[in-house]
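Chemist: In my numbering, the protein residues as written are 2 to 152. Virtual Cβ for every residue (Gly too), placed ideally from N, Cα, C. All values reported here derive from a predicted model rather than from experimental measurement. Pasting in a structure now, in structure tokens, and then I'll have a few things to ask.
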């Protein structure tokens with residue numbers, strides 16, 4: 002974990018917004034056919050229930066660990082000083098849905114324990130161009146690792 006916040010929140014939030022909305026636009030333009038990966042990571046749409054609104058919320062994310070038994074997502078928000086809204090929503094209500102290539106399935110989401118994060122972190126951060134280690138270095142907060150398991 003970094004000593005202080007190195008990335009201004011406006012920069013982290015803007016980068017995350019551009020990435021998500023650019024991805025969403027490409028999916029719309031291609032009829033959902035492209036892109037299904039961000040670098041080497043599969044992409045997915047996470048559906049949560051808003052903790053304040055009670056309405057369904059959707060976020061496009063990448064998954065550094067993606068298996069039939071679990072999908073792992075990282076609540077990085079580009080290294081911002083605060084957690085993304087989708088993470089706060091799933092902490093309040095861990096019943097989520099995940100859509101991959103047009104197929105939506107229910108999952109239970111939970112924050113990885115400190116030990117689980119330590120075990121998963123090398124796999125999460127490997128690979129050329131992987132941003133997560135840099136995000137963690139750039140923020141004073143401990144970036145949560147979220148494990149989603151099928152219902």
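1) Report the rounded CA-to-CA distance for residue 53 versus residue 132, giving the unit in angstroms.
2) Tell me which residue opens and which closes the beta strand (DSSP E) that residue 152 is part of.
3) Is there contact between the segment 132 to 148 and the segment 100 to 119, where contact requires at least three CB pairs shorter than 8 Å?
4) With three or more C-beta pairs closer than 8 Å as the rule, is the segment 41 to 50 touching the segment 91 to 101?
5) How many Å lie between residue 150 and residue 104 at the Cα?
6) Is it buried or exposed, residue 81, if we count other Cβ atoms within 10 angstroms and call 16 or more buried?
7) Residue 110 bridges to which residues according to DSSP?
8) Could you tell me whether the Cβ atoms of residue 108 and residue 73 are closer together than 9 Å?
9) Once you ignore the five residues that flank residue 110 on each side, which residues in its own chain have a CB closer than 6 Å to its CB?
10) Below 8 Å on the Cβ atoms is my guess for residue 124 versus residue 75; work out the distance and round it to an integer in Å.
11) Can you tell me whether DSSP reads residue 105 as helix, strand or coil?
12) Please state whether DSSP places residue 125 in a helix, a strand or coil.
13) If we call anything under 9 Å between Cβ atoms a contact, is residue 85 one with residue 60?
14) Pick out the complete beta strand (DSSP E) segments inside the segment 57 to 96, 3 residues or longer, and give them in chain order.
15) Short check: CB of residue 50 to CB of residue 113, under 9 Å?
Modeler: In short:
1) 30 Å
2) First-last for residue 152: undefined, no H or E at that position.
3) yes
4) yes
5) 16 Å
6) buried
7) 149
8) no
9) 91, 95, 97, 147, 149
10) Between residue 75 and residue 124 the Cβ distance is about 12 Å, and since that is not below 8 Å, they are no contact.
11) strand
12) helix
13) yes
14) 57 to 63, 72 to 75
15) no
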